[in-house]
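See below for the structure under consideration.
Number of protein chains: 2
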Amino acid sequence: MQSFIKVEPTNHFPIQNLPYGVFKLKGKNDRQRVGVAIGEYVLDLAVLEAEGYFEGILSLEEEIFSATSLNKFMEKGHEIWRAVRKKIQNVLHADEPVLRDNAELRARALIPQSDVEMQIPVHIGDYTDFYASKEHATNVGMMFRGKEDALMPNWTHLPVGYHGRASSIVLSGTNIHRPHGQIKPADASTPLFTPCRQLDFELEMGCFIGPGNNLGEPISIDNAEENVFGLVLLNDWSARDIQAWEYQPLGPFLAKNFASSISPWVVPLDALEPFRVEGPKQDPEPLPYLKTEKADSFDIHLEVYIKGENMEQSDLIATSNYKYLYWSAAQQIAHHTITGCNLNAGDLLGTGTISGPDREERGSLLELAWRGAEPVELSNGEQRSWIEDGDELTMTGWCQGDGYRVGFGEVTAKILPAKVLKGKQEKVLL
Amino acid sequence: MQSFIKVEPTNHFPIQNLPYGVFKLKGKNDRQRVGVAIGEYVLDLAVLEAEGYFEGILSLEEEIFSATSLNKFMEKGHEIWRAVRKKIQNVLHADEPVLRDNAELRARALIPQSDVEMQIPVHIGDYTDFYASKEHATNVGMMFRGKEDALMPNWTHLPVGYHGRASSIVLSGTNIHRPHGQIKPADASTPLFTPCRQLDFELEMGCFIGPGNNLGEPISIDNAEENVFGLVLLNDWSARDIQAWEYQPLGPFLAKNFASSISPWVVPLDALEPFRVEGPKQDPEPLPYLKTEKADSFDIHLEVYIKGENMEQSDLIATSNYKYLYWSAAQQIAHHTITGCNLNAGDLLGTGTISGPDREERGSLLELAWRGAEPVELSNGEQRSWIEDGDELTMTGWCQGDGYRVGFGEVTAKILPAKVLKGKQEKVLL
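Line by line, the protein sequences give chains A and B.
If you use full-length UniProt numbering, the first sequence corresponds to residues 1 to 430, in order.
If you use full-length UniProt numbering, the second sequence corresponds to residues 1 to 430, in order.
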C-alpha cells in the first residue's frame with residue numbers, strides 16, 4: 001500500500017501506520033485538535049471531520065477530532081477505530097483522488113510536521129505500571145536480593161504491577177528538573193534530604209486503553225486487545241536512591257512520581273498486526289484467566305540514546321524489543337480487571353522496563369551499569385553510572401516491514417539541574 | 001452561632017460545619033449541582049449563585065455551583081473558599097432575614113436531604129493512600145514480620161504512601177461485589193483463582209486537594225494546609241489474601257483497586273479549625289521539609305459499625321480518632337510534592353487505616369481479629385475474622401463542639417456475593 005504523499009522507507013509514518021496525535025500550529029494561539037502522522041505531514045482530522053468525511057461512522061455533532069484530546073475517540077471502541085482507520089487509509093491512498101487532486105483541501109488538511117507543536121495526546125485518568133520483563137525483574141532482583149531469590153515467587157504466576165502517578169506524565173520534549181528527596185546511603189546513620197544522586201531512565205512502552213470496562217465487570221483475556229487503543233514510547237524516570245529507602249513495604253512512590261515521558265503519536269494496534277509474534281514461553285502455565293492461545297506480542301525494535309552536555313552526538317546505549325516481555329498487554333488487562341477494577345478510555349498501562357537477554361539489551365542505567373559496578377562508557381570518554389545534569393535521553397522504536405517502518409517517533413527529554421529550593425526545603429543536607 | 005434552620009445537637013451539619021456535596025433530586029432526571037448540608041436540608045448553591053449571592057467573590061459566568069462536581073470550586077483556593085463560606089454562614093444565620101424571610105427563595109434553595117440523591121462530589125484525578133498511623137503500621141508489621149521488625153526503618157522518617165486507583169472510588173451506598181483474585185494459601189503448592197476469602201475494611205479519612213501545585217514546584221509544609229479543600233470518610237476495602245500474594249516487591253495493587261468508598265459531604269478545613277490539636281510527638285525529629293511548628297492534627301472521633309444479614313441492628317466494632325495519626329495531612333502534602341510531583345484540584349489523599357492505642361481502636365478487621373486468631377464477637381452470637389457476604393459496613397465521625405457536632409455523615413456499603421464469571425474466568429479452583 002502506498003500513499004500519494006512520498007514517505008521514505010525509514011520514515012516512521014507511512015500509510016501502514018497512521019498514528020493519532022493532538023497538535024496545534026507552532027507559535028500561535030491555535031486550538032488543539034486531532035491529527036494523523038503521514039510521512040513528514042500531519043493530516044488534520046478536524047478538517048476532514050468538518051468536511052463530512054467520517055459521515056456514517058461518527059456523527060458530526062460529537063466533534064471527535066476537533067477535541068483537545070483523543071479520549072472521545074478512544075471511548076468509541078475498536079469497530080469505530082477500524083472504520084475510521086480504513087477511511088483515512090483510503091483518503092491517503094496513491095490511487096484515490098479525493099484529497100490528492102484537491103489542492104484547496106490539501107492546503108488546509110495537510111500540515112508539515114515542522115509547523116506544528118505536538119500536545120499531550122490523551123487526558124490520562126489512571127496510570128498503572130507493570131513489571132512485565134523477566135530479564136528486568138531478574139536483573140533487579142539479582143542486584144538487590146542476590147541470584148537465588150532474584151524473582152519473587154509470585155512473578156511467574158501473575159503480571160506484577162502497581163498504580164502510578166497520572167498527573168506528572170509529560171510529553172516528549174518537556175525537560176525535567178532533577179528531583180529532591182529523602183535517601184539513606186548505606187554508610188549514613190540517618191536519612192538525608194538531597195537532590196537525587198541515582199537518577200535513571202526506564203525503557204518502556206505505554207498501552208492506552210479504550211473503551212474499558214464498568215466497575216465489577218472484568219475483561220476476559222480473549223476480549224482484552226479490543227480494549228487497547230494504541231501504544232506509545234514511555235520513559236518512566238526513576239530516582240533509585242529515593243526508591244531504595246522509601247519502597248518498603250508499599251512499593252515505589254516518590255521515586256517515580258516526579259515525571260514520566262511519553263511520545264506524542266499513539267500507534268493503533270491495527271498498525272502492529274503484521275508484526276504480531278509469540279511472546280516468551282510461559283512456564284509455569286498461567287491460570288485460565290491469564291491464558292491465551294493467540295500470539296499476543298509484537299516485534300517492536302527499541303533503542304535508547306544518551307547525549308551528555310559535552311557530546312557532539314548521541315550514543316546508542318541500549319537496544320531491546322517489545323517481544324521480550326513475558327506478560328503481554330492482554331494478560332495485563334485481564335489481570336488488572338479480574339477484581340472488577342474498571343479501566344477507562346484514556347488510562348495508560350506501562351509495560352515496566354523492557355530488558356532483553358543480552359547485555360546491551362538492558363533497559364535502564366541501573367542494569368546497564370549494574371548499580372554502578374560497570375559504568376557505561378560513552379564515545380567522548382565519559383562514563384555514566386547514573387544520569388547527569390544536562391544529559392538528554394531519547395528512545396525510539398519501530399516495526400520493520402518490507403520496505404517500510406511502522407514507527408513510534410521518539411520520546412526525548414533533558415535532565416536539568418535540581419531547582420534551588422527555599423525556606424524549609426532549602427536545608428539540603430549533603 | 002445559630003442558623004434559622006433548627007439543627008439538633010447531635011446532627012452532623014450545623015451552621016458551624018457547612019460541608020459541600022453534589023446532589024440531584026431523587027427519582028428524577030435532574031441535573032447535578034453543588035449544595036451545602038444544613039441540618040436536615042441541602043442548600044442549593046446553584047440557586048444562590050444564579051441569584052447573584054456570590055457576586056464579588058465568584059463571577060457568574062463561571063457557573064461554579066451549577067457544575068456537576070466540586071472541582072472548579074476546589075481550583076479557586078483558600079481565600080475564595082473562605083469568602084464563600086462566610087457568605088453562606090451569613091445567609092443561614094438566625095439573625096439574617098435575606099433567606100429566612102423570603103419564602104419563595106427558601107422553597108427553591110432549601111431541599112430536604114430525604115428528597116435528594118447524593119452524587120460522587122469530586123472528579124478524582126489521582127488517588128494516593130498513605131500509611132500514617134503508627135499503631136496500624138505496627139500492628140500489621142507484628143502480624144507479618146514479628147515484633148522486632150514491626151516498623152520498617154523508613155517509617156518514622158517519612159510518611160510512607162503509594163499511588164492508588166482513582167477510577168474505582170465510589171460513593172457511600174454503592175454496594176460492592178466480593179472480588180475474585182489470585183491467592184496462594186500457605187498450604188497450597190500453586191496459586192488459586194478464587195473469590196477473596198479475607199475481605200477487609202480500612203477506616204480512613206480522605207483529604208481532597210485544591211488548588212495544588214505545578215509540576216516541579218514542591219509545596220512547602222507551611223503552605224500545605226492551604227492546599228486542603230476538605231475531608232471525607234474513606235473505607236479503603238482490602239483483599240488481604242490477594243494482597244499477601246501479590247504485594248512483593250511493588251506494593252498493593254489488585255488487593256485495593258476493586259473499590260474504595262467515600263462519604264458524600266466534604267467538610268472544609270475551616271470547619272475543623274476549632275478542633276485543631278497536636279498530633280503524636282515525633283521522634284526522631286523529621287527532616288526540615290517535614291517539620292511544622294503548628295499543631296496540625298484534628299480531634300475527629302471515628303466509629304465503625306457492622307451489620308450482618310442475620311442482625312437486627314448494627315454492632316459498633318471499632319472507635320478511633322484522626323488525632324492518632326503520626327503523619328499529618330500537611331506532612332503528607334509536603335512529602336508527596338517534594339520531588340516536584342504535582343497535585344491537582346480534585347486529587348484525594350487517604351490517611352491509611354487509622355488505628356489507636358487501645359484494642360477497640362483498631363481500624364481494620366485484620367487488626368481487630370488479629371489475622372483470624374481472635375475473631376470479633378457480634379451481638380447475635382456470630383463471629384467475624386473477615387467480612388462475609390451481606391455484611392454492611394458503616395463508618396461515621398464527628399468533632400464534638402459545645403452543644404453541636406461538626407460531622408462527616410457516614411460512608412456505608414454492603415458486600416454482595418462474588419459475581420458468577422463466565423468463560424476462562426469461571427474456572428475457579430477452590
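Just so you know, even glycine gets a beta-carbon here, dropped at the ideal spot from N, CA and C.
Chain-ordered chain D contacts of residue i [CB-CB under 7 Å]
i: A/Ile57; result: The structure shown contains no chain D; its protein chains are A and B.
For residue i, the first and last residue of its enclosing beta strand (DSSP E)
i: A/Phe73; result: Unbroken run through A/Phe73 is the alpha helix (DSSP H), Asn71 to Met74; no beta strand (DSSP E).
i: A/Gly161; result: Gly161 to His163
i: A/Gln332; result: It is not in any beta strand (DSSP E) - A/Gln332 instead sits in the alpha helix (DSSP H) that spans Ala329 to Thr337.
i: B/Glu204; result: Leu203 to Ile209
i: A/Glu410; result: Arg405 to Leu416
i: A/Met152; result: From DSSP, A/Met152 is part of no beta strand (DSSP E); its letter is neither H nor E.
i: B/Thr194; result: Leu192 to Pro195
i: B/Leu233; result: Val228 to Asn235
i: B/Met395; result: Glu392 to Gln400
i: B/Ile182; result: It should be noted that the sequence gives Gln, not Ile, for residue 182 of chain B. Taken as a continuous stretch (DSSP letters only), the beta strand (DSSP E) holding B/Gln182 covers His180 to Ile183.
i: B/Ser260; result: Ser260 to Ile262
i: B/Leu349; result: Leu348 to Gly350
Under 7 Å from the C-beta of residue i: neighbouring residues of chain B
i: A/His180; result: Ile338 and Thr339
i: A/Arg165; result: Asp126, His163 and Cys341
i: A/Ser263; result: Correct list: empty, because the minimum Cβ distance to chain B is about 18 Å.
i: A/Phe258; result: Thr339, Gly340 and Cys341
i: A/Leu158; result: Gln182 and Glu246
i: A/Pro252; result: Leu250
Beta-carbon neighbours of residue i, restricted to chain A and to distances below 8 Å
i: B/Met152; result: Gln248 and Pro249
i: B/Pro288; result: Phe193, Lys424, Gln425 and Lys427
i: B/Lys291; result: Lys424
Where residue i falls, given that 16 or more other Cβ within 10 Å makes a residue buried
i: B/Glu49; result: buried
i: A/Leu429; result: Bear in mind that the predicted position of A/Leu429 carries a pLDDT of just 48, short of 50, making it unreliable; the figure below should be weighed with that in mind. It counts as exposed.
i: A/Arg33; result: buried
i: B/Ala137; result: buried
i: B/Arg405; result: buried
i: B/Lys184; result: buried
i: A/Phe144; result: exposed
i: residue 479 of chain B; result: Nothing can be reported for residue 479 of chain B, as the shown portion of chain B is limited to 1 through 430.
i: A/Val98; result: exposed
i: B/Arg178; result: buried
i: A/Pro14; result: buried
i: A/Gly212; result: buried
i: B/Pro195; result: buried
i: B/Glu361; result: buried
N-terminal and C-terminal residue of the alpha helix (DSSP H) that residue i is part of
i: B/Leu138; result: The question names Leu, yet the displayed sequence has Thr at residue 138 of chain B. From DSSP, the alpha helix (DSSP H) with B/Thr138 extends over Lys134 to Arg145.
i: A/Lys256; result: Leu254 to Asn257
i: A/Asp241; result: Arg240 to Glu246
i: B/Leu269; result: Leu269 to Leu272
i: B/Leu368; result: Leu365 to Leu368
Beta-carbon neighbours of residue i, restricted to chain A and to distances below 7 Å
i: B/Gly216; result: His177 and Lys419
i: B/Leu171; result: Ordered by position in chain A, no residue passes the 7 Å Cβ test against B/Leu171, which lies about 12 Å from the chain.
i: B/Ser168; result: Leu215, Cys341 and Asn342
i: B/Tyr131; result: Leu250
Residue i beta carbon near the ligand GTP (any heavy atom closer than 6 Å)
i: A/Asn310; result: Ligands in the displayed structure: none, and consequently the ligand GTP is not present.
Listed by chain order, chain B residues near residue i by CB distance under 9 Å
i: A/Tyr326; result: Going along chain B, no residue has its Cβ under 9 Å from A/Tyr326, so there is no contact; the nearest lies around 15 Å.
- [ ] Could you list the residues in the UniProt domain "Fumarylacetoacetase N-terminal" (16-121) of chain B with a C-beta less than 8 Å from some C-beta on chain A, going in chain order?
- [x] none
Task: Residues, ordered as in the chain, of the stretch 179-209 of chain A that lie near chain B by beta-carbon distance below 9 Å - done: Pro179, His180, Gly181, Gln182, Lys184, Thr190, Pro191, Leu192, Phe193 and Cys196
- [ ] Output the residue ranges of the beta strand (DSSP E) runs that lie fully inside the UniProt domain "Fumarylacetoacetase N-terminal" (16-121) of chain B and measure 3 residues or longer, sorted by chain position.
- [x] 20-25, 33-38, 41-44, 110-112 and 116-119
Open item on the list: Output needed in chain order: residues of the stretch 220-247 of chain B with a Cβ under 8 Å from some Cβ in chain A.
Closed with: Ser220, Ile221, Asp222, Ala239, Ile242, Trp245, Glu246 and Tyr247
- [ ] Entirely within the stretch 276-330 of chain A and at least 3 residues each: give me those beta strand (DSSP E) ranges in chain order.
- [x] 301-307 and 315-321
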